[in-house]
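Notes follow once the structure below has been shown.
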Amino acid sequence: MSEQESKNTAGLLMVVSAPSGAGKTSVCRRVMERDPDIHFSVSVTTRAPRPGELEGRDYHFVSQKTFREMIDRGEFVEWVENYGNFYGTSKTMMDAFLERGVDLLLDIEPRGAGEIKKRYPRAVFVFILPPSLSELRERLAKRGEPEDVLKRRLDASLGEIKEALWYDYIVVNEKLEEAVERFRAIYLAEKSRRERCTGTIELFLMNSSKVQKPSFRRKPESISD
Ligand code: 5GP
144 MSEQESKNTA GLLMVVSAPS GAGKTSVCRR VMERDPDIHF SVSVTTRAPR PGELEGRDYH
204 FVSQKTFREM IDRGEFVEWV ENYGNFYGTS KTMMDAFLER GVDLLLDIEP RGAGEIKKRY
264 PRAVFVFILP PSLSELRERL AKRGEPEDVL KRRLDASLGE IKEALWYDYI VVNEKLEEAV
324 ERFRAIYLAE KSRRERCTGT IELFLMNSSK VQKPSFRRKP ESISD
């Protein structure tokens, strides 16, 4: 267990994965809009920004050379190569947030999530599923890519879905709003786990020892219920 995780004051680490076409980005965005206490962990990548993506908000975009130097310096808690692009999570950034008690949302694929599970056993793992195979196919087909690319994506998605078996929670994204509510319910329940609240309980007990204990007096005879 990492040093940060062993402290009760550490932030909650939520790791979310999904195959492409499951709507993970939309779910995560809405969850963070509603719960500003959850901070998005910005990964480092060598892929080019897509239209609308911003440096520092969606990713830190770096060259392959910079990424390799970061690997050599041991800056990543996990990293993967995905279709020729590299993606990695900065350990310093992650630990700095968790140590300050900030809750973090990591949007990473299952291989990276597996690495996080080894190093941060208290992290919570959520897998977002599309409602069905036919719906997944339909969503991917909307991208208008050639049939062979579509088939490759579908196979890759099915491979990732197998990994869902070891995650803690599954959220089926049929209706976006319902998926967002389910995700938030998981977050709030995890925040309320007794082991994450021992600091609060201790505070009560510490303060109560300073307050004089009330004495239990007998009810005067003249007062009846
Ligand atoms: P995209 O290029 O579509 O933004 O992301 C492709 C995949 O890489 C997604 O499944 C996303 O969750 C994953 N990903 C993004 N950042 C990281 C990271 O830091 N580590 C790992 N392992 N996967 C990541």
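Reading the sequence shown from the start, the letters are residues 144 to 368 in this note's numbering. Just so it is clear, CB atoms sit at the ideal spot from N, CA and C, and this is done for glycine as well.
Here Phe326 is buried, its C-beta having at least 16 other C-beta atoms within 10 Å. Residue state for Thr341 is assigned as helix, using DSSP reduced to three classes. With a cut-off of 6 Å, the C-beta of Glu288 is classified as distant from ligand 1, since no heavy atom of the ligand falls inside that distance.
Residue side-chain check: Ile271 keeps its Cβ at 6 Å or more from all non-hydrogen atoms of ligand 1. Of the candidates Met175, Val159, Gly244, Gly244 places its Cα closest to the Cα of Gly342. Collapsing the DSSP output to three states places Ile304 in a helix.
Note: Met157 is bridge-paired with Leu248, Val267 in the DSSP secondary-structure output. The beta carbon of Phe240 sits closer than 7 Å to those of Gly154, His182, Leu247, all from its chain and outside the five residues before and after it, given in chain order.
Secondary structure at Asn316: coil, using DSSP grouped into helix, strand and coil. The segment 148-235 contains, as complete alpha helix (DSSP H) runs of 4+ residues, the segments 167-177, 207-215 (chain order).
The Cβ atoms of Leu272 and Ile313 lie closer than 7 Å to each other. Among the bridge pairs identified by DSSP, Leu272 is matched with Val315. One Cα belongs to Glu306, the other to Glu345, and the distance between them is close to 38 Å.
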